[in-house]
Ligand SMILES: Cc1cc2nc3c(=O)[nH]c(=O)nc-3n(C[C@H](O)[C@H](O)[C@H](O)COP(=O)(O)OP(=O)(O)OC[C@H]3O[C@@H](n4cnc5c(N)ncnc54)[C@H](O)[C@@H]3O)c2cc1C
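As structure tokens, this is what we get:
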């Protein structure tokens with residue numbers, strides 16, 4: 004492992020100042036659970052690491068009107084324990100409570116999970132069904148708000164300039180009466196990235212699906228919304244036949260690959276089954 008300078012600023016101003024010392028080859032590090040593996044394997048060799056762990060502006064979970072704001076430096080464990088998340092964003096709770104181990108969840112952050120941009124990142128699909136927006140801040144303290152669906156560029160790549168970092172995320176609280184769920188299919192029972200992840204948020208009235216959002220992880224270069232499947236289910240009952248048809252449509256929206264986690268054909272079959280299961284679970288939760 005290369006030697007590198009290490010900074011632990013206590014404000015955003017100090018963080019950006021530190022970055023200006025090595026503008027080309029500095030990296031921000033939050034929990035380090037992704038980055039330290041890359042350092043250890045010499046896949047990256049930064050001149051400087053800037054820890055974001057002691058910056059209060061990046062932490063916390065708040066509710067403002069119909070929105071939940073989560074600081075990028077909030078740990079996965081803090082999100083799991085949050086009553087706001089359990090109450091208003093159960094699909095995100097499903098995801099974070101099944102991620103990695105408690106030890107990893109204690110250090111890993113939401114910002115790190117999203118900026119790392121793994122196609123199998125567990126928080127991405129739930130954030131997509133809550134219409135999440137990314138709050139990006141630059142060294143001039145100017146903010147821009149980007150829909151999460153436009154933030155991912157490709158596997159491990161996001162739309163973030165060198166003088167920017169992610170400050171937080173804005174989630175839209177679903178309408179009263181909605182239900183949501185995230186299901187993750189793994190090769191092992193724990194401590195693994197998803198083979199397939201399916202998040203569903205829906206609103207049912209008089210047995211008809213008034214609104215539905217479906218997001219899928221690990222079956223495309225980035226996590227995606229299954230917009231054609233959503234359009235098909237909107238205005239329909241969640242009957243067995245409709246859910247089977249929805250799975251068939253979802254299969255046309257994805258592009259899974261064979262990898263060490265599983266074969267593409269199997270991921271397609273899991274998507275079909277999990278769209279059905281996650282929709283039924285979300286519907287059950289909407290009645291609670
Ligand atoms: C054993 C193990 C099990 C795991 N299991 C899972 C799992 O089940 N599901 C899953 O999704 N992931 C899993 N992971 C991956 C990892 O824990 C998560 O992706 C985690 O959320 C990363 O967060 P972090 O704070 O540790 O990121 P870091 O490693 O600190 O950073 C990751 C990337 O994000 C950048 N970054 C971080 N914060 C910011 C910011 N605010 N602004 C700009 N850039 C930023 C860093 O520069 C880096 O490029 C696992 C990892 C390990 C080691």
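In our numbering, the protein residues as written are 4 to 291. Glycine is no exception: its CB is placed at the ideal position from the N, C-alpha and C atoms. As the structure is a prediction and not an experimental result, all values here were calculated from the model.
When rounded, the separation of the alpha-carbon atoms in residue 156 and residue 216 is 21 Å. Under the 10 Å beta carbon count, residue 250 is surrounded by 16 or more other beta carbons and is classified as buried. By the Cβ-count criterion, residue 230 is exposed, with fewer than 16 other Cβ atoms from all chains shown falling within 10 Å of its own Cβ.
Between ligand 1 and residue 115, a heavy atom-to-CB distance of less than 6 Å is present. In terms of side-chain proximity, the C-beta atom of residue 244 is found no nearer than 6 Å to any non-hydrogen atom of ligand 1. Annotation for residue 50 indicates a beta carbon at 6 Å or more from all heavy atoms of ligand 1. At a Cβ-Cβ threshold of 7 Å, residue 65 and residue 72 count as neighbours. Annotated as distal: residue 49 and residue 19, with beta-carbon spacing of 7 Å or more.
The region 183-190 and the region 141-150 do not touch, with fewer than 3 CB-CB distances between them shorter than 8 Å. Per DSSP, residue 86 is one residue of the alpha helix (DSSP H) stretching across 86-91.
Nearest to residue 244 by alpha-carbon distance, out of 159, 279, 203, 44, is 279.
246 is the residue among 226, 227, 246, 222 whose C-alpha sits nearest the C-alpha of residue 235. C-alpha of residue 54 to C-alpha of residue 84: approximately 24 Å in a straight line. Closest by C-alpha distance to residue 265, out of 241, 95, 197, is 197.
Judged by DSSP in its simplified three-state form, residue 278 adopts helix. Using a Cβ-Cβ distance cut-off of 8 Å, the region 129-137 and the region 101-108 are not in contact, since fewer than three pairs of beta carbons, one from each stretch, lie closer than that value.
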